[in-house]
Structure formats: C-alpha cells, structure tokens
Amino acid sequence: MFVQIALPIPKRTLFTYALPEALEDLCRPGCLALVPVGRGNQVGLVWKLSEESEWSGGGIRQIIDILGEEPLFSDEMIHLLDWISRYYLRPIGSVVAAAMPGHLRFERRRRAIWLGEEGLERLARLEEGSLAEQSDSLSENKSLPSKKKKPDPARQAELIEPLPPSLKPLAEALAKRPSGLTEETLARRFGRKGLDAKLKGLVKRGLIELEEDWRPRQGASKGSAKGSSSGQTLASSGAGGEGVDGGDLSEPFLTCAPELTSEQRVCAEALEGALEGGEFAPFLLRGVTGSGKTEVYFRAVEQCLNGGRQALLLVPEIALTPQLTRRYRARFGDDLALFHSGLSDGLRLQQWHQLRRGKARVALGARSALFAPFSNLGLVVVDEEHDGAYKQEDGVPYHGRDMAVVRAKNCRATLILGSATPSMESLANARLGRYTLLELNHRATGAKLPRVELVNLKEAAQKKERPWNALVSEPLRCAMVETLASDRQVLLFLNRRGFAPALVCRRCGAAVNCENCSVTLTLHMSRSRLMCHYCGLSKGVDDVCVACGQLSMATFGPGTEQVESEVRELFPEARVIRLDRDTVGKGGVGLEETLELFRLGEMDVLVGTQMAAKGHHFPKLALVGVVLAETGLWMPDFRAAERTFQTVTQVAGRAGREEGDPGRVLVQTLDPGHYALGAAMNHDIGAFADTELSFRSQAGYPPGFRLAMIRFSALDPGLLADFCQALGERLPHDCGVELLGPAPAPLFKLRRRFRWQLLFKERERGRLHGVLAGVLALGEEMAMGRIRLDADVDPYSFL
Ligand code: ADP
Ligand code: ZN
C-alpha cells in the first residue's frame, strides 16, 4: 500500500510514502502521519491511499507513525482544502498549513527511563535471539514504570560502577528517577552536546530505554505566551469563576432567552424551516444596530442542536469582542468550543478532537475556525459578514465569509450572513435571489436609531470659533458640553492611531518616510517616536528637516492621540480614555478592562479607532462624534465608499442603544455631499446600495465583475521592473479578460521589498481563473525564482 501525504510546506505536489503493514489498520485519509522528510521528520496529512505508487522515481520511504486513533479530517474537509487550493491557486501544502496553524508543528519529545536489572535481563533474552520473546518482553516493558518496585541503591551502584566516566553521571541521575527524565531536562543538566550519543550508549547496554512522544510544539502558536492570559479569561469565563460574569446586574445582556420581538420571530421561523429541511439554505440577515441579531443566531443554534447537528459561529476578531464571547458562553456553556489566538496548539487540538467526536457542539471563532473538524455541521453563522478582517492577507489569501458559504454548501447546512451593513457582494446575491433576505428594521429594546448630523468642516473653519487646526469643531464641542453636563457619555471615533500620520517640513514639504516602506512615519507622542505602521520601524523625532536643514518640522493630519489631548484640554474635568492598538496589547490584552470601565460609566469620553466601534453595547453612551469621515475615502480602492458607509453606520450604532434618549451622532467631514455620508445620515442602506452597485457595474468592479491580482516583489527594483516589462510584453491581451498592468503598486516599497501588480477583471469566473492560472505559470517560469509572485483571487487590498 502507498499513501499520498500533504506536507505543510509551500509545494504543489503530494508526497508518496509506503505504508508498513503494522499501520494499515490505522492509516486512513484525514489522519496525521509522521514521515521522514530530508534528514528529519515531519507531520503531514494523509490525503489518500492507493494500491500503486504515484511516484515513478525510486527511493520511496516509509511512514513512521500515525498520530491519534482516528482521522482528524473528514472527507468533506479534504474536499474543502482541495477546493481552496484550486480556487486561490495556492499549493495544497500551503492550504494544509493555513488550515492547521501550529498543529503540524509537532516536535519529538524523548524520555529516558531507567531499566536497570530488568533491562539487563531483557538484553540477555534478546541476545538469545527469540523473536517471540522479544515482542513479549517489549509489551511487558510498556507497563514497567507502574509496577516497578523501589530500586535497590546498592544494586544500582553495582550496575553503574563499570560504566565509562562520561556515562556515569547520567546513569546516576536516571537511576534515581524510575519515572524517567525528558531529554530537555537532561540537556539542561548535562548539556546538549553529545547527549544523544550518551543516551544511545546506555540503551545499548540495556540500562535505559527511550520513549518517544510527538506533541504540538510549545509556544509555537503566536501569542501563546502573552495572549494566553487574555485567552484564559475568555475560555474560563463560562465556568462562572469571574466576578464580572456572575450576577452583575449591570450586565447588558440576558442569560436566559428573552421573548422575541415580532421581527425577530419572523426571522426565527424562516430559519427554523430551513434547519428542518436539512439542505443548504443561505440567508442574509440585515438588522440595524441593536436589533437583536444575536438573539436570532441563538435561536437558530438551539434549534440546530436540538436536531442533533453542530453549529459554527464566525466573528471577525474574537479578541475584540469579549462581551459577545461571554454572551455565547453564558448561553451554550460546555457545548461551546472557543477558538482564539491565545489558545495553545495543544488546547486547540483538544478542541478539534472534541468537535470531531461530537462532544463540543458549537464552535465560536475567527476565520480559522472554518477548518474545525465537525462531524455533523448543520448551521454556519457569519456575524458582521461585511468585516474586512474575514479576508486573510498572508499565506493563503482566502476570504473567511466566502469559504463559510462553500463549507455550508458542502455540508448542506443553513447559512446566516448577518450585518447591519452587509457587503455589496452579499446584498447583490440577495437581490439576485441567491440568498433569502431577512430584515430587522427596529431595535430590540424599543430604542430609536440615533439622529445623524453632518458637520461641514470647511464652513466650521470659516467661522473661526475654534483654532484653524482644531479636531473638535464648535458644533461637536457644544454637543459634548451638553452630553457631559447631563452625566452621559461620549465616544469620539477616528480610524488612525498615533498623534499625527506624518511629520512634514513647512519650508520644503519633505515628509519623514520609512526606510523600508513607501509610507510616511506616524508620530507617536506618548512614546516620542516616529513609527511605521507596516514594518514596525521606529525612530526618534527630530525638529530639523533632513532635506533642507531648517528647523521647521510640523505634524500633518490627525490621530487618536491628538484627539485625546485636545479633549483633555477642552474638558479638563472629564475622565478621558483612549482605545486603539497602542493602548491594547497583542491579542486584545487590556481591551476588556477599558471597555468595562467605559461601560460601567467610570469614564466620560472614549477616544478610539475601529476597536471602539465594533459591536459594543454602552448603555450610557449618548453622543458619538466621527472626527473625520473621509480618512477611508482617500484610499485608492473601489470599496472606499462602502467602507466609509459601513464604518459611519456602525459607529453611529453605538449611540442611544437603551430605551429613552435616542442619542446623537455628529459626523465631521470635508465632503458633506458624498452619497455614502448622505445614506449613513438617513440609515438608508438601500439608497447607498443603489448608487454604489450601479457605479460598480459601470466601472467593471465586483460584485458584477470578478477581480484577481498577481503581486510581484523583489529586493532589487531594477530587476523587478525589467521582469514586469518582459512579462507585460508576453501577456495574452486578446484573451477576453481585461488586464491592467503590470504597474508599480501604490505601496511601492513594503518591508524593503519593491512591488508591482497586475490586475485581472472579468465577468465570468471560469475564464478569469483560466487566464490567471496561465499568466501565473508563465510568470513563474520566467521569474526562475528571482521574483516572488503571489496570486490573490477576489482581492481586498489594492495598495
Ligand atoms: P445587534 O447584534 O443586532 O446589534 P444585539 O443582539 O446586541 O443587537 O441586541 C441589542 C440589545 O437588545 C441587547 O442588549 C439584547 O440583549 C437586547 N435584545 C435582543 N433581543 C431582545 C428581545 N427580544 N427583547 C428584549 N431585548 C432584546
Ligand atoms: Zn516601514
């Protein structure tokens, strides 16, 4: 028998291994297998078994071991991985690696166990050469440590005495520890050098045996050290150990099921029908902010579980939504498997096995939870389906929402894409009848949607009521005075962290740029540093311009730090807190504390980025100020208007969520006539979509058209330019697919690499794929490894 293995390395091929007879019963597709690769070993995924080798070359090696008793992946998952590999034109090995972050990075752990007398006896028997006895004694030896009697020290000394001096200390340490010592411990005590040879020397003499064990590498997953503390809080919150979780009356959510509003009931009934049907049924749930979408998800999950199937819930970034996580935990308790970046590989693997065996029935996580091995998936929910965080940008650039659709389809599951501001892609699918549209047009608590007003910054500046460079305009300042006076809270939103996005010379106009990337460095006043938000470069601030030598550097543009300092100046009495990636650690450390302080009313003003805008519920929040609406509009990206509409609507949705005062939203803008802002002001997604979709179809953009991109990069800009030019001359311009480029990327230099890109546009997916694959193959052949090529199907970033 032969086995085809997918190794987690960026290779397009599967690897053939021979299957030893002893492993034939264990080895099935979807299992993890330990195989020799080069001079070491690696864990790969068993893809398929065959009678004949698919490798015609010689030197087929044997599988060493199968890890675990049952396949981790079902046929359905293998099918999905294969599909992803084809759709995104990525090597199967890369897809396998992406699907199992960390899981395949196993390491060998060896434990040396002292055998002493018994080892000598066994050795003697072995030397007599009876095979039967050999296997007998081996199986007997497996249970040795437990029934081992206390070793007799005198006898041990006798055994150690004749050993060469280099082995003695090792033998003495092991003889004192009948349960054995790991290789790591021994290396720490006796040094790593020569340890392997010494251990083998003791094995040869029959004094010890080495037990091998493969386990997920410690600390291999990102954030395992720091992130796990926050992860732990999330994971354990269901156990009811945490103060804030317990009986805190101010908790804004209900742990028991509330009676559904009439709108919610209509949605729940439609989903009920679909879940009973047991076929693929996709829904787009558009519910205004605070309309109780979560409760609709809960009902669907409960029904799905009652029907004996499992549910998958995807959220954009789990670390950013601790409140939501607790809601799920409170509702589903031990049925819930939680996936977050703080989880160690070992814990993650454990959760996978629980899902595989049907012990956990609900999985909640960010996009990578897509790859969790369900045994019987009946419902997939994608919360905030419009969120850009669903798109993976490194590795295999898949879109989590789109893959959720594919997986739901493969599993004949009910699918809910939920959002207050659905993506144009999903809205178009609903308009075409591919998705059933469900709507919640009112807030569940009975509160009204907040009043949204635009503040024209040009007019405000002309009135000269505030300094010319003020970030808080006079109308916003007045609204803040009023709100704070009535003991309610303010949220100021700006999607840029730091003090200012650029430091520019007032004399010659030169900005301070990153050395590795073609972007300006952001000034961070709190650290007195200039920093690159792409590569992390950081350097000291200098008042002298490097270009002209004048003492004339000035900040350019706003950042959250600057908003915070202006608010502190304007309202010295107010308690102000800032929330962005600078105040929150990796994996969301400290986020929960900030949100909690604000939610409980211990703070008056919250200044923040997206982090402060996502899905939170603040009962006393009455005023939301958007400091500058167009930060997102200035991007070279056809989705800029959509993102602006979504962001403004989402931030606005934080205001006035409790019954009573509906709350106010002031949006400061330089372009008050923009249709995205007009639509956000009127809470009118229909109007926005009409304008936006017609613009998209005229310009040949998604959802009507499909896009793909190839990015080219190299350290040498000349080499790259020559290559792109040469490729450009050989492009199939009559292939029916529109090709734009290759051209230098807007972000021409990123982390020291120079970048060009080539965009593909076409209505029909099949044709686009064909041409893309052809050009990619041609490019790879011409590049001969000197240029890096990355395909991106359905791209979301055009920088
Ligand atoms: P969304 O996710 O749509 O923004 P949420 O699910 O956060 O809205 O719900 C908003 C608020 O309404 C929450 O405090 C929630 O507990 C409450 N809520 C939801 N459904 C109901 C209901 N049927 N009756 C009363 N309150 C509800
Ligand atoms: Zn940089």
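The opening residue of the sequence shown carries number 43 in the working numbering; numbering runs sequentially from there.
For glycine and all other residues, C-beta sits at the position ideal for the given N, C-alpha and C.
- When C-beta atoms of the segment 696-714 are compared with those of the segment 480-489, three or more pairs fall below 8 Å, so the two segments count as touching.
- Only residues of its own chain outside the window of five on either side were considered, and among them Ala-552, Val-554 have a CB closer than 8 Å to the CB of Val-588, listed in chain order.
- Here the alpha carbon of Leu-347 sits roughly 29 Å from the alpha carbon of Val-138.
- The C-beta separation of Val-447 from Tyr-130 comes to about 15 Å, leaving the pair out of contact by the 8 Å criterion.
- At least one heavy atom of the ligand ADP lies less than 7 Å from the C-beta of Thr-331.
- Taken in chain order, the complete alpha helix (DSSP H) segments of 4 or more residues contained in the segment 694-766 are 717-723, 727-741.
- The secondary-structure analysis by DSSP pairs Ile-105 with nothing; it has no beta-bridge partner.
- Per DSSP, Glu-634 is one residue of the alpha helix (DSSP H) stretching across 633-641.
- Between the segment 363-376 and the segment 757-767 there are fewer than three inter-stretch CB-CB distances shorter than 8 Å, so the stretches are not counted as touching.
- Thr-336 is classed as buried because its beta carbon has at least 16 other beta carbons within 10 Å across all chains shown.
- If you look at Ala-552, you'll find it isn't in any alpha helix (DSSP H); DSSP assigns it neither H nor E.
- Rounded to the nearest whole angstrom, the C-alpha separation of Phe-413 and Leu-648 is 36 Å.
- Boundaries of the beta strand (DSSP E) harbouring Lys-90: 82-92, taken from the DSSP string.
- Chain-ordered, the residues whose CB falls short of 5 Å from any heavy atom of the ligand ZN come out as Cys-556, Asn-558, Cys-559, Cys-574, Tyr-576, Cys-577, Leu-579.
- Here Pro-78 is exposed, its C-beta having fewer than 16 other C-beta atoms within 10 Å.
- By the Cβ neighbour-count rule, Val-605 is buried, with 16 or more other Cβ atoms within 10 Å of its own.
- Its Cα nearest to that of Gly-329, the residue Thr-303 stands out among Gly-350, Glu-314, Thr-303.
- Between Gln-531 and Phe-640, the C-beta gap is smaller than 8 Å, which places the two residues in contact.
- Between Met-119 and Gly-161, the gap from beta carbon to beta carbon reaches 8 Å or more.
- Comparing alpha carbon positions, the residue from Val-709, Ala-229, Arg-219, Leu-212 closest to Gly-243 is Leu-212.
- In this structure, Ala-154 has its beta carbon at no less than 7 Å from each heavy atom of the ligand ADP.
- In the structure shown, Trp-510 falls within a coil segment according to DSSP collapsed to helix, strand and coil.
- Linking Ala-229 to Leu-252 through their CA atoms gives a straight-line distance of about 14 Å.
- Under DSSP, no beta-bridge partner is assigned to Pro-211.
- The C-beta distance from Ala-833 to Ile-752 rounds to 5 Å, short enough to fall under 8 Å.
- When only Cα atoms are considered, His-395 and Pro-50 end up about 20 Å apart.
- In this structure the segment 377-396 does not lie against the segment 416-436, because fewer than three pairs of beta carbons, one per stretch, are closer than 8 Å.
- A check of alpha carbon separations from Tyr-477 across Arg-485, Phe-57, Val-85, Ser-468 identifies Ser-468 as the nearest.
- Listed in chain order, the beta strand (DSSP E) elements of length 3 or more contained wholly in the segment 407-431 are 419-425.
- Around the CB of Glu-823, fewer than 16 other CB atoms lie within 10 Å, so the residue is classed as exposed.
- Asn-452 sits in a helix when the DSSP states are folded into three classes.
- Within the DSSP bridge table, the entry for Asn-483 names no partner.
- Ranked by Cα distance from Cys-69, the first of Leu-223, Arg-81, Phe-44, Pro-52 is Phe-44.
- If one requires a minimum length of 4 residues, the alpha helix (DSSP H) runs lying completely within the segment 514-594 are 516-527, in chain order.
- When DSSP assignments are scanned along the segment 806-831, no uninterrupted stretch of beta strand (DSSP E) that is 3 or more residues long falls wholly within it.
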